[in-house]
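Novice:
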Amino acid sequence: MKKWQKRLLWIVGVIVTLVIVGLFYIKTITYTPTTNAIAASQKAIDEKGGLVFKGDTEKPTLIFYQGALVENTSYSIWAEKVAQAGFSVYLVKQPLNLAVFGQNKAEQVIRANHLTNYVIGGHSLGGVMASRFAAEQVNTTSLKGVFFLASYPDEKGSLSNFKGQVLSLTGSVDGVLNWQAYKQAKQYLPEQTIFQEITGGNHAGFGSYGEQKGDNPALINNDEQQEDVARQLIDWLNKVN
0 MKKWQKRLLW
10 IVGVIVTLVI
20 VGLFYIKTIT
30 YTPTTNAIAA
40 SQKAIDEKGG
50 LVFKGDTEKP
60 TLIFYQGALV
70 ENTSYSIWAE
80 KVAQAGFSVY
90 LVKQPLNLAV
100 FGQNKAEQVI
110 RANHLTNYVI
120 GGHSLGGVMA
130 SRFAAEQVNT
140 TSLKGVFFLA
150 SYPDEKGSLS
160 NFKGQVLSLT
170 GSVDGVLNWQ
180 AYKQAKQYLP
190 EQTIFQEITG
200 GNHAGFGSYG
210 EQKGDNPALI
220 NNDEQQEDVA
230 RQLIDWLNKV
240 N
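Position one of the sequence shown corresponds to residue 0 (numbering that gives the first Met the number 0), numbered consecutively onward.
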């Protein structure tokens, strides 16, 4: 074997090793669903692109992007409640549980299900990526609304000219959300945006995956915050037309 071939094999070996180590590390720091969330997920249909909680096909469908390094199943509790109210929910499964790698994943859901009446949103980083997707769809008739759970749009996801419904939902004791960036991002939201706050809610409470690094302890339990998230989404969805 020639010297350059040995060097190439060594380089390939190092790259493969780094990838394996990186993937293992990401897996170890990923937040996993609680037993309650797993139980709620049993009501969903497990499709290749994520979990689907079926509702009324005549009502708006909700497409959701999870927070960074949080398994999508972790949002099953409120998703199941929203579906019970008649709104189908798609908990999109993102590559490595990072929506930054799957900004346009919603397109697969829309095409596969021929959706002509949907809203999109996400938690934390998922909301940022969902808004970027939505910003490219603002002139379509199918997109009816955008929602943010402890999240906000950036300049690339500006919705300032969007005519549909927008919901921004936060927790009063959220220790992860960058509140300064959140306030500055209001310039990228339309004037009809509805701002709501869950008293005592924290960042991790928008899902059900236990405590999150850097977060503050919630002043309400997870069951209560899940109920509040579902109620706020249902109330907002009933305004979407």
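Ideal Cβ positions, reconstructed from N, Cα and C, are used throughout, including at glycine.
Taking DSSP as the reference, what is the three-state secondary structure of E135?
Specialist: coil
Novice: How would you write the range of the beta strand (DSSP E) that Q41 sits in, first residue to last?
Specialist: Careful: Q41 lies outside any beta strand (DSSP E) and carries neither H nor E.
Novice: At 3 residues or longer, what runs of the beta strand (DSSP E) sit wholly inside the region 59-88?
Specialist: 60-64
Novice: Buried or exposed: A229, going by 16 or more other Cβ atoms within 10 Å of its Cβ?
Specialist: buried
Novice: I need the boundaries of the alpha helix (DSSP H) containing Y181, first residue and last residue.
Specialist: 178-183
Novice: To the nearest angstrom, how far is it from the Cα of F52 to the Cα of N112?
Specialist: 13 Å
Novice: Just to confirm the assignment, what range does the beta strand (DSSP E) spanning V165 have?
Specialist: 164-170
Novice: Leaving out five residues on either side along the sequence, give the residues of the same chain with a beta carbon under 7 Å from the beta carbon of F194.
Specialist: S167
Novice: For the 8 Å Cβ check, are there 3 or more pairs between the region 65-80 and the region 122-134?
Specialist: yes
Novice: Looking at the secondary structure, which residues open and close the beta strand (DSSP E) in which I119 lies?
Specialist: 117-122
Novice: A217 and V165 look like a contact to me (Cβ under 8 Å); what is the Cβ gap, rounded to whole Å?
Specialist: Going by Cβ atoms, the distance from A217 to V165 rounds to 25 Å, so no, they are not a contact pair.
Novice: Taking the continuous beta strand (DSSP E) assigned at Q107, which residues delimit it?
Specialist: Where Q107 is concerned, there is no enclosing beta strand (DSSP E), although the alpha helix (DSSP H) it sits in stretches over 104-112.
Novice: Cutting at 7 Å between CB atoms, please list the residues of its own chain near G199, excluding the five before and the five after it.
Specialist: S171, V172, A217, L218, I219
Novice: Please classify I109: is it buried, with 16 or more other beta-carbons within 10 angstroms of its beta-carbon, or exposed?
Specialist: buried
Novice: Opposite D45 in the DSSP bridges: which residues?
Specialist: Paired residue(s): L50.
Novice: Which residues does DSSP pair with I197 in a beta bridge?
Specialist: G170
Novice: Would E190 be called buried (16 or more neighbouring beta carbons within 10 Å of its own) or exposed?
Specialist: exposed
Novice: Classify V145 as helix, strand or coil using the three-state DSSP reduction.
Specialist: strand
Novice: Residues bridged to L90 by DSSP?
Specialist: L50, F63
Novice: Answer with buried or exposed for S87, where buried requires no fewer than 16 other C-beta atoms within 10 angstroms of its C-beta.
Specialist: buried
Novice: How many angstroms separate the CA atom of T140 from the CA atom of K185?
Specialist: 24 Å
Novice: What would DSSP say about Y151, mapped onto helix, strand or coil?
Specialist: coil
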